[in-house]
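Data first, discussion second: the structure below is written as structure tokens.
Protein chains in written order, with this note's numbering: chain A, 1 to 228; chain B, 1001 to 1228.
Okay, structure coming up:
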């Protein structure tokens, strides 16, 4: 497929070399190795998807996350048990994806999306050290809603005991960034078909106070001004 | 953890019984079995995440999708090879997630997100039948951008040969829908901490015409009026 020399053609990045299991020439064309890009995508994505093998089957868990350096943190309820098997060093593949636009090419074949996506390979461990637990919970809370950590009530000892925290070491990661206008075949440029990009983005609406909010509690600036 | 009887408390749905690998009482509290809910979440989500086992490791592939009844379709380049091992009936776990809001509870412990998420277990097969291929490509194109199928140039025979289409039979699926205000501890209601929900949603911006768009090509209504 001929690629036209359009501005903003797909660019991408990766923390380190990829394992053999990421294959495909056309895929790899879009990869290079830039840790800051990978970290930026992780930090901008609202949620991540954690893939693991459970009882011989693939399982994917969508969950919120936080990051400190090259460690990703996720958490969950010990009672729910959904992360229990991640305590003991299992291999995971984590993806984060931000959709930036719908790319309407003149042909269906060249139509696609603009997006930023990171794929992370790592191994898991339970976070037990109190200082690391505190840092991990802070990273998660501040990832979801910057400013919240210093405002909301901290976890009690009982709540802390109910919380499983899993660290995922980012051993290998890659990013894929697709941006810019459609890449149509030269022969298609004369078609009477509109082509372009419809940008899409996640936006915050007006904060909805809890119906049980006490009179006099003011909306903090970090919530009033929040945007994903 | 005591749950306050708030309006709009988490509700959910599933196509059929879940395998043992989805465990956890608190998780299951949020599940029930409603095929229409699962289908609705699949259809509203921009992308899905396909988890599989490759060379003994978990791999997650974020990709666009389409659905016809209880079959999910994904596609990719044969040259890229990223879907090649899905030709021969492998187990996959597919997740789709739509984030609807950030739930700021008075305590960090009870803070969370509002979201709609579906987890699908199925097996894969290559789509070779021309009629099914056509229907699958149409489902994917119309999922990404309704109206586009009838407007853009259809795939040529050569383009069709370059395209791998994979069907995923939705054998088992579940949905989890979390909505409504925070569920705080009774003892926390008097805290001087703002609580509520920040709604978030994906919105479309102004369509950006291709710089190479020919004069006189008009913006179609289905693009001008598009919202995710």
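We put the CB at the ideal spot given by N, CA and C, even for glycine.
As the structure is a prediction and not an experimental result, all values here were calculated from the model.
query	result
Any beta carbon of chain A sitting closer than 9 Å to that of residue 1163 (chain B)?	yes
Which word fits residue 1219 (chain B), buried or exposed, when buried means at least 16 other C-beta atoms lie within 10 angstroms of its C-beta?	exposed
For residue 80 (chain A), name the three-state secondary structure that DSSP assigns.	coil
Assuming contact is defined by CB atoms lying nearer than 9 Å, are residue 1141 (chain B) and residue 1066 (chain B) in contact in what I supplied?	yes
Compile a chain-ordered list of the residues in the region 211–222 of chain A whose CB is closer than 9 Å to at least one CB of chain B.	211, 212, 213, 214, 216, 217, 218, 219 and 220
Between which residues of its own chain and residue 163 (chain A) is the CB-CB distance below 6 Å, once the five residues before and five after are set aside?	75
Using three-state DSSP, classify residue 1207 (chain B) as helix, strand or coil.	coil
Please determine, among B:1045, B:1034 and B:1038, the residue with the shortest C-alpha to C-alpha distance to residue 200 (chain A).	B:1045
Can residue 1042 (chain B) and residue 1096 (chain B) be called in contact, C-beta distance under 9 Å?	yes
Out of B:1077, B:1213, B:1146 and B:1069, which has the shortest C-alpha to C-alpha gap to residue 1035 (chain B)?	B:1069
Let's test the definition: count the other Cβ atoms within 10 Å of the Cβ of residue 184 (chain A) and tell me whether it reaches 16, buried, or not, exposed.	buried
Which value, in whole angstroms, describes the spacing of the CA atoms of residue 88 (chain A) and residue 189 (chain A)?	55 Å
Kindly list, in the order they appear in chain A, the residues whose Cβ is closer than 9 Å to that of residue 1166 (chain B).	Result: empty, since nearest Cβ-Cβ is about 14 Å, beyond 9 Å.
Buried or exposed: residue 186 (chain A), going by 16 or more other Cβ atoms within 10 Å of its Cβ?	exposed
Who are the near neighbours of residue 1223 (chain B) in its chain, counting only those whose CB is closer than 7 Å to its CB and skipping five residues on each side?	1207
Determine, using beta carbons only, whether residue 1049 (chain B) and residue 1090 (chain B) come nearer to each other than 9 Å.	no
Using a Cβ-Cβ cut-off of less than 8 Å, list which residues of the region 1144–1160 of chain B approach chain A; keep chain order.	1144, 1145, 1148, 1149, 1151, 1152, 1153, 1154, 1155, 1156 and 1159
Over what stretch of residues does the beta strand (DSSP E) that includes residue 132 (chain A) continue unbroken?	Element bounds for residue 132 (chain A): not the beta strand (DSSP E) but the alpha helix (DSSP H), 130–144.
So if DSSP puts residue 51 (chain A) in a beta bridge, which residue, or which two residues, is it bridged to?	A:60 and A:93
What is the DSSP secondary structure of residue 1221 (chain B), reduced to helix, strand or coil?	helix
Give the straight-line distance between the Cα atoms of residue 1071 (chain B) and residue 59 (chain A), rounded to the nearest whole angstrom.	19 Å
If I'm right that residue 1179 (chain B) touches residue 1100 (chain B) with Cβ under 8 Å, what's the distance once you round it to whole angstroms?	7 Å
Per DSSP, what kind of secondary structure is residue 86 (chain A) in: helix, strand or coil?	helix
Can you grab the Cα-Cα spacing for the pair residue 1080 (chain B) / residue 114 (chain A), in whole Å?	18 Å
Confirm the yes/no value for this check: CB of residue 73 (chain A), any heavy atom of the ligand SAH, distance under 8 Å.	The ligand content of the structure shown is nil, which means the ligand SAH is not present either.
Using the Cα positions of residue 213 (chain A) and residue 160 (chain A), report the straight-line distance between them to the nearest angstrom.	25 Å
Ignore the nearest five residues each way along the sequence and tell me which others in residue 143 (chain A)'s own chain have a CB closer than 6 Å to its CB.	66
Once DSSP output is grouped into helix, strand and coil, what is the label at residue 1156 (chain B)?	coil
To the nearest angstrom, how far is it from the Cα of residue 1158 (chain B) to the Cα of residue 1077 (chain B)?	12 Å
Under 9 Å, do residue 109 (chain A) and residue 1148 (chain B) count as touching if we go by C-beta distance?	no
Could you check whether the Cβ of residue 1173 (chain B) sits closer than 9 Å to any Cβ belonging to chain A?	no
Could you give the C-beta distance for residue 1182 (chain B) and residue 1103 (chain B), rounded to a whole number, given that I count them as a contact under 8 Å?	5 Å
Tell me where the alpha helix (DSSP H) around residue 36 (chain A) begins and ends.	35–44
Where residue 1056 (chain B) and residue 1083 (chain B) are concerned, what is the direct C-alpha to C-alpha distance, given to the nearest angstrom?	16 Å
If you drop the 5 nearest sequence neighbours on each side, which residues of the same chain put their C-beta closer than 7 Å to that of residue 1139 (chain B)?	1066, 1067, 1068 and 1073
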